[in-house]
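One structure is given below, encoded as structure tokens.
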Amino acid sequence: GNLEAVAYMNYLCYELGVDPIETGNILAILAHATERGLVAQDQGLRWGDVERMVELIRMISTKTGIGGILAEGAPSVSQALGDPSLSTAAKGITIQNADPRVEYGWGLLNATDNTGASAHIWVYPDLIYSFIDLLGEKSLVARIALNEYDKLASTVKYKQDLVAVLDSLQICAFSNMAYDLEDYVEALNVVTGWNIDRGELLRVGERIFNLERLYNEANGIVDDTLPTRFLSDPVPSGKNMGRVFPLKELLYNYYSVRGWEAGRIGEPKLKELSLT
Numbered sequence: 005g006n007l008e009a010v011a012y013m014n015y016l017c018y019e020l021g022v023d024p025i026e027t028g029n030i031l032a033i034l035a036h037a038t039e040r041g042l043v044a045q046d047q048g049l050r051w052g053d054v055e056r057m058v059e060l061i062r063m064i065s066t067k068t069g070i071g072g073i074l075a076e077g078a079p080s081v082s083q084a085l086g087d088p089s090l091s092t093a094a095k096g097i098t099i100q101n102a103d104p105r106v107e108y109g110w111g112l113l114n115a116t117d118n119t120g121a122s123a124h125i126w127v128y129p130d131l132i133y134s135f136i137d138l139l140g141e142k143s144l145v146a147r148i149a150l151n152e153y154d155k156l157a158s159t160v161k162y163k164q165d166l167v168a169v170l171d172s173l174q175i176c177a178f179s180n181m182a183y184d185l186e187d188y189v190e191a192l193n194v195v196t197g198w199n200i201d202r203g204e205l206l207r208v209g210e211r212i213f214n215l216e217r218l219y220n221e222a223n224g225i226v227d228d229t230l231p232t233r234f235l236s237d238p239v240p241s242g243k244n245m246g247r248v249f250p251l252k253e254l255l256y257n258y259y260s261v262r263g264w265e266a267g268r269i270g271e272p273k274l275k276e277l278s279l280t
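If you count the sequence shown from 1, you need to add 4 to reach my numbering.
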């Protein structure tokens, strides 16, 4: 609850050139490990110890002491501390801000995105149920129940394809909270003299996303999953008590929407997207 301390540590991360999201998650891993007795107290971290967290951020930036281990990223840190299940990473990058056990769209996005959990929550706030009141009509999940897996899968695909287009146009994806797809279509047509429609533009995004996927497949990056704790450790209390992330069911629907065969891009899809 110490907002001033949080703001300072965020500032310090930027000043020292370390990612505040990854750093915060790694400090949480260390605190969990200390709590479980996997790390000596003088090397570890107690929850809420701001002074120690500031010290550790500096140690990470210079790779001194235990900072040398923490600087290697969540999967390596949890392995080095003796409990790989502590990792909160998807494809090597830790998930930020929202719990996939109650935010199924966010969880599916992080499990399937080509760059793992690198997705920024403010590019995809319209997939977050707890942001519905904040976003109003901009929310994409306001009318989708948590158990409507097919609709969630379609919505995640739409956002992934849209962001792929925006990245290729060198437009900050944060802007999609201010503009609609039609705005991007209109702007592109004005600048280029083209007459592209929204379906064609999203098709470009789909081709980009599938090309990235092909690159990942060629390099063995095919683990569409989330950290074990989100799949097997139920929410302990509150209105969502008992929930875990339904990976198998959501992936089935997502692969179906993508037209993939058990997670792989088959020849029919390659031909459909003119990628052969």
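Heads up, the beta-carbon is just placed ideally off N, CA and C, and yes, glycines get one too.
Shortest alpha-carbon distance to residue i belongs to which of the options?
i	options	result
Leu-218	Ser-143, Ser-260, Thr-119	Thr-119
Thr-38	Leu-90, Met-63, Asp-137	Leu-90
Leu-34	Tyr-12, Ser-278, Leu-74, Tyr-183	Leu-74
Asp-87	His-36, Glu-76, Ala-149	His-36
Ile-136	Ser-158, Ile-175, Leu-170, Met-181	Met-181
Thr-98	Ser-122, Glu-76, Leu-279, Glu-221	Ser-122
Gly-203	Val-189, Leu-215, Asn-214	Val-189
Leu-20	Glu-59, Leu-185, Tyr-162, Gln-174	Glu-59
Tyr-108	Lys-155, Gly-140, Gly-71	Lys-155
Gly-52	Ala-9, Ile-30, Tyr-18, Asp-46	Ala-9
Under DSSP, the alpha helix (DSSP H) around residue i begins and ends at which residues?
i	result
Thr-159	153–172
His-124	From DSSP, His-124 is part of no alpha helix (DSSP H); its letter is neither H nor E.
Phe-213	202–222
Asn-14	7–20
Leu-284	Missing from the structure shown is residue 284; the chain here goes from 5 to 280 and no further.
Gln-83	78–84
Ala-35	24–39
Ile-73	71–74
Gly-111	108–116
Met-63	54–66
Leu-235	232–236
With residue i and residue j assumed to form a contact (beta carbons below 8 Å), what rounded beta-carbon distance in angstroms separates them?
i	j	result
Leu-206	Leu-166	7 Å
Val-106	Val-239	6 Å
Thr-92	Ala-78	6 Å
Ala-258	Thr-116	Residue identity differs from the one stated: residue 258 is Tyr in this sequence, not Ala. Going by Cβ atoms, the distance from Tyr-258 to Thr-116 rounds to 6 Å, so yes, they are a contact pair.
Leu-7	Ile-61	17 Å between Cβ atoms; not a contact.
Gly-111	Pro-104	3 Å
Using the C-alpha atoms, what's the distance from residue j back to residue i?
i	j	result
Leu-113	Val-160	6 Å
Ala-44	Asn-14	26 Å
Lys-4	Ser-134	Look at the range of the chain in this structure, 5 to 280, and you will see that residue 4 is not part of it.
Gly-48	Ala-177	38 Å
Thr-27	Gly-41	21 Å
Trp-198	Ser-82	51 Å
Ser-241	Val-248	12 Å
Ala-157	Tyr-128	14 Å
Tyr-256	Asn-151	13 Å
Leu-144	Ile-132	8 Å
Leu-254	Tyr-153	6 Å
Arg-268	Ser-260	11 Å
Thr-196	His-124	29 Å
Asp-23	Leu-185	30 Å
Trp-126	Pro-250	24 Å
In the DSSP output, what is residue i paired with across the bridge?
i	result
Ala-93	Thr-98
Glu-141	Paired residue(s): none; Glu-141 is not in a bridge.
Glu-265	Arg-268
Report yes if the C-beta of residue i is less than 7 Å from at least one heavy atom of the ligand MN; otherwise report no.
i	result
Val-167	This structure simply doesn't include the ligand MN, nor any ligand for that matter.
With a threshold of 8 Å between beta carbons, is residue i in contact with chain E?
i	result
Ser-172	The structure shown contains no chain E; it is built from a single protein chain.
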